[in-house]
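Student: In the UniProt record's numbering, the protein residues as written are 1 to 257.
Don't be surprised by glycine CBs; every beta carbon is placed ideally from N, CA and C.
I'd like to ask some things about the structure below.
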């Protein structure tokens, strides 16, 4: 299913997106050495409830996971990159943490992710991973013009990640979003320009470049959800929900000013 949102729905999408962006930045500011992943999950639950919104994850079941997910945010540490299920794990100095959050408010969902280093130790290779996903996301957003194609976005993202020297996994990538969290079209993190669905105003896309340092292969934790690099290498993941408008792409998941 591919949804094209009305102007009223797009107005709500900006509200939902700002909520997601604000929660993520609040969590980042509260996360320190010694923070437990289950505390992050509970902080998220409380902020979603305070906003009168709903978690897209708590009851989420998918073919690639052992559902329901049962938590309110994905917390991926170091070699974990996607669908990180919160556990009784305490963060250490220098850990690379990815927070991935999707929320439904007023009938419209938004989805975003940030990766950052916890504490004072800032490993250069980890910072490079994060920076590459951020640059790739910027490139993908710039390519998301009305009349362009999904392949143009994928090509822009993949060009940046490949130039940075990282292998690209195409099993998971970006996606359409609207009244539900995961919709068509799929947006791979590499692809051929001029191919795929033609972008129309009113379309929402969650673009999410992610990489693993030295592999494109994933393994799944015993929890049935958390995906890690097959080699144990570090990973990073950056995501925004955007709206295609007649004037160009609009980022929805920026925090409140």
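1) Looking at the structure shown, is residue 135 part of a helix, part of a strand, or coil, going by DSSP?
2) Given a cut-off of 7 Å on the beta-carbon distance, is the pair residue 252 and residue 58 in contact?
3) To the nearest angstrom, report how far apart residue 157 and residue 208 are at their CA atoms.
4) Have a look at residue 229 and residue 188 and give me their C-alpha separation to the nearest angstrom.
5) Quick check: the region 88–100 against the region 234–246, are there 3 or more CB pairs under 8 Å?
6) How about the region 145–165 and the region 190–202: do they share at least three Cβ pairs that are nearer than 8 Å?
7) At what residues does the beta strand (DSSP E) containing residue 2 begin and finish?
8) Please report the Cβ distance between residue 146 and residue 244, rounded to the nearest whole angstrom; I am assuming they are in contact, meaning their Cβ atoms lie under 8 Å.
9) Whose C-beta lies closer than 7 Å to the C-beta of residue 14 among residues of the same chain, with five residues either side of it excluded?
10) How close, in whole Å, do the beta carbons of residue 86 and residue 38 come, if the pair is a contact with beta carbons under 8 Å?
11) Quick check on the burial criterion: 16 or more other C-beta atoms within 10 angstroms. Buried or exposed for residue 313?
12) Please determine, among 76, 43, 33 and 143, the residue with the shortest C-alpha to C-alpha distance to residue 247.
13) If you follow the beta strand (DSSP E) that residue 84 is in, where does it begin and where does it stop?
14) Rounded to a whole number of angstroms, what is the C-alpha to C-alpha distance between residue 197 and residue 175?
15) DSSP state of residue 124, grouped into three classes?
16) Between the C-alpha atoms of residue 133 and residue 47, what's the straight-line distance to the nearest angstrom?
17) When you compare only the Cα positions, how much space is there between residue 52 and residue 204?
18) Leaving out the 5 sequence neighbours to the left and right, which residues in its chain are closer than 8 Å to residue 273 when beta-carbon positions are compared?
19) Of the choices 138, 50 and 170, whose alpha-carbon is the least far from that of residue 103?
20) Give the DSSP-derived three-state secondary structure of residue 155 in the structure shown.
21) Can the beta-carbon of residue 241 be found closer than 7 Å to that of residue 84?
22) Start and end of the alpha helix (DSSP H) containing residue 145?
23) Buried or exposed: where does residue 222 fall if 16 or more other Cβ atoms within 10 Å of its Cβ makes it buried?
24) Under the three-state reduction of DSSP, which class applies to residue 114: helix, strand or coil?
Tutor: Straight from the coordinates:
1) helix
2) no
3) Between the alpha carbons of residue 157 and residue 208 lies a distance of about 9 Å.
4) 18 Å
5) yes
6) yes
7) First-last for residue 2: undefined, no H or E at that position.
8) 6 Å
9) 252
10) Beta-carbon to beta-carbon, residue 86 and residue 38 are separated by about 5 Å, close enough to satisfy the 8 Å threshold.
11) The structure shown has nothing for residue 313, since the chain only spans 1 to 257.
12) 143
13) It is not in any beta strand (DSSP E) - residue 84 carries neither H nor E in the DSSP assignment.
14) 12 Å
15) In the structure shown, residue 124 sits in a helix (DSSP, three-state: H, G or I).
16) 27 Å
17) 22 Å
18) Nothing about residue 273 can be read from this structure; the chain reaches only from 1 to 257.
19) 50
20) helix
21) no
22) Residue 145 -> no alpha helix (DSSP H), and no H or E assigned at all.
23) For residue 222, the number of other beta carbons within 10 angstroms of its own is below 16, and it is reported as exposed.
24) strand
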